[in-house]
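Written out below as structure tokens is the structure these notes cover.
Number of protein chains: 2
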Amino acid sequence: MLKYQQIAAEIEQYINQHDLKQGDKLPVLEQLMSQYAVSKSTITKALELLERKGIIFQLRGSGIFVRRHNRPGYMSLFSTQGFKSNLGGRILTSDVLDVSVTKPDETIAANLGIDVTDDVYRVERVRYVDGEVFCYEKSYYVKAIVPYLNREIVADSIFDYVQGALGVTIGFSDMYMQVGRLDETEAQYLGLKKDDPTLRIETIFHLTNGKPFDYSRITYHYEHSQFVVQANGPYM
Amino acid sequence: MLKYQQIAAEIEQYINQHDLKQGDKLPVLEQLMSQYAVSKSTITKALELLERKGIIFQLRGSGIFVRRHNRPGYMSLFSTQGFKSNLGGRILTSDVLDVSVTKPDETIAANLGIDVTDDVYRVERVRYVDGEVFCYEKSYYVKAIVPYLNREIVADSIFDYVQGALGVTIGFSDMYMQVGRLDETEAQYLGLKKDDPTLRIETIFHLTNGKPFDYSRITYHYEHSQFVVQANGPYM
DNA sequence: AAGTATAATTGTACCGGTACAATTATACAA
DNA sequence: TTGTATAATTGTACCGGTACAATTATACTT
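Order-wise, the sequence lines are chains D and U.
Using numbering that gives the first Met the number 0, the letters of the first sequence correspond one by one to residues 0 to 235.
Using numbering that gives the first Met the number 0, the letters of the second sequence correspond one by one to residues 0 to 235.
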């Protein structure tokens, strides 16, 4: 692990352990420098990371302060990691409906930047948070990148597996969101009624080299899902 | 304007003018350095900014590449700026329903970190994109920070005014999203029916010093609004 | 008390450098 | 052709430094 990531993780941990609140002041840059025995630029990078994660904000001439939103139960939309990392203590489980190798239709192929003759893994799941239906998901993985999946892997975290066992690293993702009404199938899986409201999110996950490897469509249970986005900026 | 912001803006402009596509390669770091006659770290900062904005991605050993999502009509959720900056060519208009000074209720006061006896500006609008109803908005501004508003300002961009005339700079924002059903009032303003689906977003905008100055509740027309979020990471 | 100039504090912009890891290109062998 | 070692390319981590702008504290006035 890189120095600046390590330091960021430690500072984050410090904030959590001491239960610091919005506005609480952290040690000044110079102290952090000597405390972690690294140069200014390394500390700066660590802090910048925390700033992007919405954990601190910095004010020149004044100091480094804790930033914290105060609504538990809201899930962060930035978990490129999937949800697992994202729910403090709550338990995530899955019903695996399907894991199979197929050919993508044109839309899926286009989103994954592959050909309709290429193989993809199709994964279908219903996911639960603390036993409550959370979402219904259909995902497609490029088989050339993710050569093997099974029900055990899929029941747990696919992302952990992909990054761990396969040594593949996720780079960035594009998420497209819109609100609509449930169809029959979705309603059934979510335990709701047809035409009930829902949030649909399509996400294309890319590797660090820019190649898409996962296209997923998630339909959320509107009563059991709420999200938080902590934005910085204006950037310029 | 800072050097690295200026350079980032120019590179972004270059990408747009030459209509570069996903995966197109930009000049290498060293060339950018000499091209803009700045040090490596300045270019790096500019590129990092563009990376966060989802405009490029960098691959070590390989180069700097254009990143582009290919769905026009999706609005980015990161416009801390408000929407204005965010719609390429489309026209944003507003019906101003109310601009007045009042006292906040407890929820609003809590979200703004003020007392219920403090004054706030209350702004109520229906907003249109290219003539189509887009959202219904109720916003509350801390009067101590935004001492004056009128219908003209509110009909245009409040954020432009606040940052321009008032010289106040926006630091960061927390957005809370959830899906639900429209009530009578909302339905009327949006030209929909009661109980139709909707996305509701509450946002708390903070100044750079961490003080909240705007709390807004926006109810979106589910057929006329769709959003894109371009995420980077995993950060660590 | 209340304002006002002055100084100390503190993060940010920017420079220039070394070392290195990941990628890609090249040369060579099987 | 196909694979494999080797070299060149290229971005990232990290160091250490100077200058400066925004904030906050201090001392001084009125």
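We put the beta carbon where it would ideally sit given N, CA and C, even for glycine.
Below the 9 Å Cβ cutoff, chain D contributes V228, Q229, A230, N231, G232 as neighbours of U:S172, in chain order. Non-local beta-carbon contacts of U:K2 in its own chain, meaning distances under 7 Å to residues more than five positions away in sequence, involve V37, T41 in chain order.
Per DSSP, U:S38 lies in no beta strand (DSSP E) segment and is marked neither H nor E. D:Q187: member of the alpha helix (DSSP H) spanning 183-189, first to last residue.
Taking 8 Å as the CB threshold, U:H223 stays off the interface with chain D.
The distance from the Cβ of D:A230 to that of U:F77 is about 5 Å, consistent with a contact at the 8 Å cut-off. The three-state secondary structure of D:A8, taken from DSSP, is helix. Residue range 157-163 is occupied by the alpha helix (DSSP H) that includes D:D159. Of all residues in the region 41-73 of chain D, only L48, R51, K52, G53, F56, L58, S61, F64, R66, H68, R70, Y73 place a beta-carbon less than 8 Å from a beta-carbon of chain U.
Distances from the CA of D:T207 to each of U:N15, U:G22, U:Y13 were compared; the closest alpha carbon is that of U:G22. Residue-level contact by beta carbon holds for D:N208 and chain U, with a gap shorter than 8 Å. Within 10 angstroms of the beta-carbon of U:P71 lie fewer than 16 other beta-carbons, which makes it exposed.
Against chain D, the CB of U:R150 has no partner CB under 8 Å away; the residue lies outside that interface.
Any Cβ of chain D closer than 8 Å to the Cβ of U:L165 would place that residue at the interface, and such an atom is absent. Under the DSSP assignment, U:A230 falls outside any alpha helix (DSSP H), being part of the beta strand (DSSP E) whose first and last residues are 225-231.
Of all alpha-carbon atoms in D:I55, D:A109, D:V100, the one lying nearest the alpha-carbon of D:K20 is that of D:I55. At a cut-off of 8 Å between beta carbons, D:V178 contacts chain U. A check of alpha carbon separations from D:D195 across U:G62, U:L96, U:D155, U:R180 identifies U:R180 as the nearest.
By the Cβ neighbour-count rule, D:R150 is exposed, with fewer than 16 other Cβ atoms within 10 Å of its own.
With a beta-carbon spacing of about 12 Å, U:Y160 and U:I169 fall beyond the 8 Å limit used to define contacts. Here the C-alpha atom of U:S156 lies approximately 45 Å from the C-alpha atom of D:D114. The beta-carbon distance between D:T202 and D:S215, rounded to whole angstroms, is 5 Å. This is short enough to meet the 8 Å contact definition. According to the DSSP assignment, D:I63 belongs to the beta strand (DSSP E) that extends over 62-65.
Following the DSSP letters along the chain, one finds U:V167 in no beta strand (DSSP E), marked with neither H nor E.
The Cβ atoms of D:Y147 and U:Y73 do not sit closer than 8 Å to each other. Looking at the backbone, the Cα of U:C134 and that of U:S224 are separated by about 8 Å.
Exposure of D:R59 is indicated by the presence of fewer than 16 other C-beta atoms within 10 angstroms of its C-beta.
Of the candidates U:V122, U:D182, U:H220, U:F64, the residue whose Cα lies closest to the Cα of U:A154 is U:V122.
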